[in-house]
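Asks: Numbering (my numbering), first residue to last: 2 to 265.
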Amino acid sequence: MPPRSEQPAPPEPSPLPPPSLPQVHTRGNRRTLEFQPGDIQSEMLLSRPDDLVLDYARAMMCFALFVPAPRHIVMVGLGGGSLAKFCYRHFPRTRITVLEISADVIALRAAFCVPPDDARLRIVHTCAADYLRAAPGSCDVILVDGFDAAGMPATLGSAAFYADCRRALRDGGVLVANILSYDPEHDAIAARIEAAFRRRVCDFPGIAGNNHLLFAVRAGAGDSGGTRAARLQARLARRRSLCLPWVNRVLARALVAWLAWRPV
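1. Is V142 near I41, with beta carbons less than 8 Å apart?
2. Runs of 3 residues minimum, wholly inside the stretch 40 to 65: which ones carry the beta strand (DSSP E) assignment?
3. Quick one: is R110 buried, meaning 16 or more other Cβ sit within 10 Å of its Cβ, or exposed?
4. Should G29 go down as buried or exposed, given a rule of 16 or more other Cβ atoms within 10 Å for buried?
5. Would you list, in sequence order, the uninterrupted alpha helix (DSSP H) runs of no fewer than 4 residues that lie entirely inside the stretch 98 to 144?
6. Report yes if the C-beta distance between A230 and V175 is below 8 Å; otherwise report no.
7. Please list, in chain order, all residues of the same chain as V25 whose beta carbon is under 7 Å from its beta carbon, the five residues on each side excluded.
8. Just to confirm, are M61 and L233 a CB contact at a threshold of 8 Å?
9. Provide the residue span of the alpha helix (DSSP H) that contains F162, from first to last.
10. Which same chain residues end up closer than 6 Å to I180 when comparing Cβ atoms and leaving out the 5 residues on each side of it in sequence?
11. To the nearest whole angstrom, what separates the beta carbons of A261 and H126, a pair I think is in contact under 8 Å?
What follows is the structure in structure tokens.
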């Protein structure tokens, strides 16, 4: 009987690489939040920390065309706090809740001059999907801008998540979803938003480059265009906004300038 040959032990599985930690880089007057070098998630001017620097951040403020005086804004993703700081300063009668799953990101709030929590601003360390599922009819605006080193987490692209977002909005409320145009799941996520909001969805073509922003309106029962948000959504969906990308970018800049300078 031939001798039995010993089988080599299976190799130990390679350890998974650690998740990328958020990094802060300061170059002159600019401070950025990055997960990978050069992959800018958020940007701030040290001389004007409440300004919106990136095109997509200015474009997300177009929610004010639909809901100009929100009572409660919920933001999914803190990043460098650009949207939170701008809304905190220029919507002084609005309550703002920011949902952030990464304690490492929250720990950087002072580096990006995010104000401390108070009666109007609250940053919650939680899963946004869990929070919104338990908060029906609680807000007027939801801004979905949640990314990690790998892109948009699957939870934030699911049909269940956007159904919960719709339930969390009051009638006439608006969801703004930031989806990367090159995300392999882009078309599927857009279709889920369309389905959840019963096709009350529109966009501003080319307003923010590779950041494709969808504006979805929760119309009330039997609302065929009675609310400001429903009327604007129907008009934009029919006419594709102002059509020309550069005009839409000018629109976003003009809106942000008006919000910054209007009397409140």
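Idealized CB from N, CA, C, for every residue including glycine.
Replies: Reading off the structure:
1. Taking the sequence shown and counting its residues from 1, the one referred to as residue 142 is at position 141. Taking the sequence shown and counting its residues from 1, the one referred to as residue 41 is at position 40. Against a cut-off of 8 Å, the Cβ pair of I41 and V142 comes out as no contact.
2. 41 to 46
3. Walking along the sequence shown from the start, residue 110 turns up at place 109. Answer is buried; the Cβ neighbour count reaches 16.
4. Taking the sequence shown and counting its residues from 1, the one referred to as residue 29 is at position 28. Label assigned to G29: exposed.
5. 104 to 107 and 129 to 134
6. Position 229 of the sequence shown holds residue 230. Position 174 of the sequence shown holds residue 175. In contact: A230 and V175 (Cβ atoms closer than 8 Å).
7. Looking up residue 25 in the sequence shown gives position 24. Around V25: R32, L34, L109 and A112.
8. Within the sequence shown, the letter at position 60 stands for residue 61. Within the sequence shown, the letter at position 232 stands for residue 233. Cβ atoms of M61 and L233: not closer than 8 Å.
9. As a first step, residue 162 must be located in the sequence shown, where it is residue number 161. Segment A160 to A169, the alpha helix (DSSP H) holding F162.
10. Start at 1 with the first residue of the sequence shown, and residue 180 comes out as number 179. For I180, where only same-chain residues beyond five positions count, the Cβ hits under 6 Å are H187, I190 and H213.
11. Indexing the sequence shown from 1 puts residue 261 at position 260. Indexing the sequence shown from 1 puts residue 126 at position 125. A261 to H126, Cβ: 30 Å. No contact.
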